[in-house]
Amino acid sequence: MTDSNDFRHPQVGSWGEPDSPSAPQSQPQDNATAFASQDPSSTQGFNQPPIQAMNSTPVSPASPSPVQPGIVPLRPLGVGDLFSGTFEALSKNPFVLFILPGIVTIVAGIITLVTIYFALPDFTSLVDLDAPISTDDLSTIGMTMALRTTPFVLILLGLAGLFPAIVVPHGTADAIIGKKLSAKDAFNRFKSRLLAMIGLSIVWAFLFALIASVTFAVFSLVGLGVADYVTYRSQTQTMAVFLLFGSVGAITTFLVCVFFQVRFAFAQTVCAVENLSPFKALKRSWTLTQGVAFKTLGRTILIAMVMGAVGGVFSGVLSTFTAFNISTEFNSFTISADPQMYLTAIPLSAVASTIVQMLVMPLSQVYIALMYVDERIRKENFAYTLMEQIRH
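Per our numbering, the sequence shown starts with residue 280, numbered consecutively.
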């Protein structure tokens, strides 16, 4: 799915994948002239810069920037640039990049809580609330609530999570060249890329499950074969083989999933700002992270640590309110406080935790968008394209 408006005008924040640098080009053209000479229906994002610019060596992160129209200098970005640019973007346009996604998330959370609250009597009817509730009763209620409410919660909060996933990269794109994304434009871009982002989420979830399943299945089959070979010896050796291959398989599966997560780290950003299909977005992310997987992983870990700290603050505030409003005393086998209040706290805590994660999500998404820009500057001399966009 594509936004036709991005194709008809050189719109702020719409970044297209450059053509192959090896394509023949007779003479470098002026950016505005080249854009006007192309078919509007086939133009995607910005134009490819001249070959001389594509093959030039970008300045290093330590070098002074010749141009900084927005939140970061137009040169390869260091870790300090990524963090300073992230917080500057949020401070310069807090409504679109933080408050608006937060409102969408909180509204989705409230709808979820109201739905679960009115469905709560159906769950509590499974046990006798006049008697102390045992841990078995809680397990029954929890399992029933999960089976009946999880699909609805995941769909609603998932759609709410796609709002910042689309809007924040566009807001970051504008902030880099000194522009400010409006709320109206944010909703327009959200609508134009929603179906593509839903498709990307489905494709990525399927690929992730397939990769994890195949990796673990390989180790499981090898483990079963070896275990069958040593079965005639002793049961202890058989169990040792199962534990060994199970542990190695689990660790390997985790590492493989991390690898693919890193290689597809820019897929959402690419899908949002380059107007690509889900499969092309995954391929584009794979290309951008080629040769820089460890650097991408390290930078991602850094922002994850910051998100954990910020999320801890939000969680602490919510925990304080929860502890104040819901008082529950535990003993070894029963819960002797107000059962109704405790059962209300089960979905409340789960949804609150999800809301906390989604409130800090814009922080990560701005950071990843800047990482994406950094890789394009290093590999495609994207700074030239951005400077041309500013001039015109």
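Here a beta-carbon is modelled for each residue, glycine too, at the ideal position from N, C-alpha and C.
Quantities reported herein were computed from a predicted structural model and do not represent experimental measurements.
*If you run the structure through DSSP and keep just helix, strand and coil, what is K458?*
On the sequence shown, position 179 is the one that residue 458 refers to. Under the three-state reduction of DSSP, K458 is assigned to coil, being neither helix nor strand.
*Taking Cβ to Cβ, would you say T494 is nearer than 7 Å to V541?*
Against the sequence shown, residue 494 aligns to sequence position 215. Against the sequence shown, residue 541 aligns to sequence position 262. No.
*If you compare alpha carbons, which of G478, T531 and L460 is closest to S492?*
Mapped onto the sequence shown, residue 492 falls at position 213. When the alpha-carbon of S492 is set against those of G478, T531 and L460, the nearest one is in T531.
_Buried/exposed call for S564, threshold 16 Cβ in 10 Å_ = The sequence position of residue 564 within the sequence shown is 285, counting from 1. The residue is buried, with at least 16 neighbouring Cβ atoms inside 10 Å.
*Determine the direct distance from the alpha carbon of R655 to that of T664, and round the result to whole angstroms.*
The count along the sequence shown starts at 1 and reaches residue 664 at position 385. The count along the sequence shown starts at 1 and reaches residue 655 at position 376. Cα-Cα distance, rounded: 10 Å.
_Rounded separation between S301 and E667 - CA only_ = In the sequence shown, counting from the first residue as 1, residue 301 sits at position 22. In the sequence shown, counting from the first residue as 1, residue 667 sits at position 388. Caution is warranted here: a pLDDT of 42 is assigned to S301, below 50, making its placement in the model unreliable, and the coordinate value is therefore given only provisionally. S301 and E667 have their C-alpha atoms roughly 21 Å apart.
*Since V432 and P641 are thought to touch, with beta carbons under 8 Å apart, how far apart are those beta carbons, to the nearest angstrom?*
Here residue 432 corresponds to residue number 153 of the sequence shown, with the count starting at 1. Here residue 641 corresponds to residue number 362 of the sequence shown, with the count starting at 1. Wrong, their Cβ atoms sit about 21 Å apart, outside the cutoff.
*Helix, strand or coil: which one does DSSP assign to N467?*
Taking the first residue of the sequence shown as 1, we reach residue 467 at position 188. Looking at N467 - three-state DSSP - the assignment turns out to be helix.
*Best match in I490, V482, F442 and L534 for proximity to N467 [C-alpha to C-alpha]*: Locating residue 467 in the sequence shown gives position 188, counting from the first residue. Of the candidates I490, V482, F442 and L534, the residue whose Cα lies closest to the Cα of N467 is F442.
_Quick check: what's the CA-CA separation for Q258 versus A544?_
Examination of residue 258 is not possible in this model, given that the chain is present from 280 through 671 alone.
*Top-ranked residue by Cα proximity to T384, from A648, F661, V639 and E659*: Indexing the sequence shown from 1 puts residue 384 at position 105. Considering only alpha carbons, the answer is V639.
*In whole angstroms, what separates the C-alpha of L500 from that of D464?*
Taking the first residue of the sequence shown as 1, we reach residue 500 at position 221. Taking the first residue of the sequence shown as 1, we reach residue 464 at position 185. Looking at the two C-alpha atoms, the distance is approximately 52 Å.
*Could I get the ranges of all uninterrupted beta strand (DSSP E) runs contained in the segment 542-583, with 3 residues as the minimum, in chain order?*
Runs found: none.
*Apply the 10 Å Cβ neighbour rule to R472 and answer buried if 16 or more other Cβ atoms are within range, or exposed otherwise.*
By 1-based counting over the sequence shown, the position of residue 472 is 193. R472 should be labelled buried.
*asked:* Contact defined as beta carbons within less than 8 Å: I believe K559 pairs with A454. What is the distance between those atoms, to the nearest angstrom?
replied: On the sequence shown, position 280 is the one that residue 559 refers to. On the sequence shown, position 175 is the one that residue 454 refers to. Their Cβ separation, rounded to whole angstroms, is 25 Å, which puts K559 and A454 out of contact at 8 Å.
*Separation of C536 from A488, as counted between CA atoms*: Taking the sequence shown and counting its residues from 1, one reaches residue 488 at position 209. Taking the sequence shown and counting its residues from 1, one reaches residue 536 at position 257. Inter-residue distance for A488 and C536 is about 9 Å (C-alpha atoms, whole angstroms).
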